[in-house]
Each structure stands twice: as structure tokens, then as C-alpha cells.
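**Student:**
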Amino acid sequence: MSPGGISTPMPSGGMSTPMASGGAGAFKSYYGGTQAYHMYYGGLQQWIYYCGRWTGGPAAFWYGQRTNTIIRNDQYQSIWSYEKYPNGWVDWKYWGYWQPGYHHAWFGADAKGWHQIAVWGSRSGWSNPIWVYVW
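With numbering that gives the first Met the number 0, letter number 11 in the sequence shown gets 10, and the count goes up by one each step, no holes.
1) Would you mind working out which of TYR84, TYR62, GLY51, TYR75 sits nearest SER68, comparing C-alpha positions?
2) Taking DSSP as the reference, what is the three-state secondary structure of LYS111?
3) With DSSP collapsed to three states, give me the class of GLN44.
4) Mind reading off the beta-carbon distance from GLN76 to SER126? Whole number of angstroms is fine, and I expect it under 8 angstroms.
5) Exposed or buried, which one is GLN45 when buried takes at least 16 other CB atoms within 10 Å?
6) By DSSP's criteria, GLN76 is part of a beta bridge. Which residues make up the other side?
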């Protein structure tokens, strides 16, 4: 199963297998008892922890809540996070030069309404966008 709950078939016809940097056991215990899943395409990918599982969105949280996100980086590159707030304000944050692998981040529900979050890499470009509603 992929983070969104949909099976991703491999070219050989089998199902995708969970993969996480640092070993599946370390990832499973640190990130709430689930595992990130390797998608069979390149680029940056981002998931948010919502209702007990990793998903590509949409998600919803109460004002003031905070949740984990996971970013899968496929190559050495500089990384920025992007968040568009309900009032139209855009917040960019530079996260540094990352090596390939899975990286932890978080989302804080600090304004009511729809938020759009994504990640941008200097080599791979945009990740998938995730829409989050804050009540």
C-alpha cells in the first residue's frame, strides 16, 4: 500500500514494499507505528500524518494542532518548504542541502482555513502539493 492507501504495482506485477532510511524498524517506532512507502517515480514526495496513517492529503486539523510530515528526497539538493496561507500569504523556509532519503518535518495549524504545503528542490523541482484544512 502507498501512503495514500492505494496499492502501487511494480513493473513485475508485485506490490511495492515499504522502504525507509535508517531501517524500517527505526522509522516505524519513531513515526507513530507506520512506515513510509517507496513510490516508483522520482522527485520529491511529501506525506502528512493524518487519522493514524501517512497520506498525500487532503487533511484537516483543529487550530493549534501539530502533526508530522515526511519528505522523500531522491537526490543531493537544496530544499525549501512552501506554505500558502488562507489569506494568500506565502511562507518559504530554507531547510539546507539534503542528501537522498527520508526526512522529518511538521505542520502546525496556525491559521484557520485552507493551507497548501509543498517542498521545492534545487534539482528535482516541486513535490506533490498537500491541502490541509484548519478548523
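Think of the CB as a built atom: it goes at the ideal place given N, C-alpha and C, for glycine as much as any other residue.
**Tutor:** Taking the coordinates as given:
1) As written in the sequence, residue 68 is Thr, which differs from the Ser given in the question. Cα-wise, what sits closest to THR68 is GLY51.
2) Coil at LYS111, not helix or strand.
3) Correct three-state label for GLN44: strand.
4) Contact between GLN76 and SER126 fails: their C-beta atoms lie close to 12 angstroms from each other, not under 8 angstroms.
5) Buried, by the Cβ-count rule.
6) As a beta-bridge residue in DSSP terms, GLN76 pairs with TRP97.
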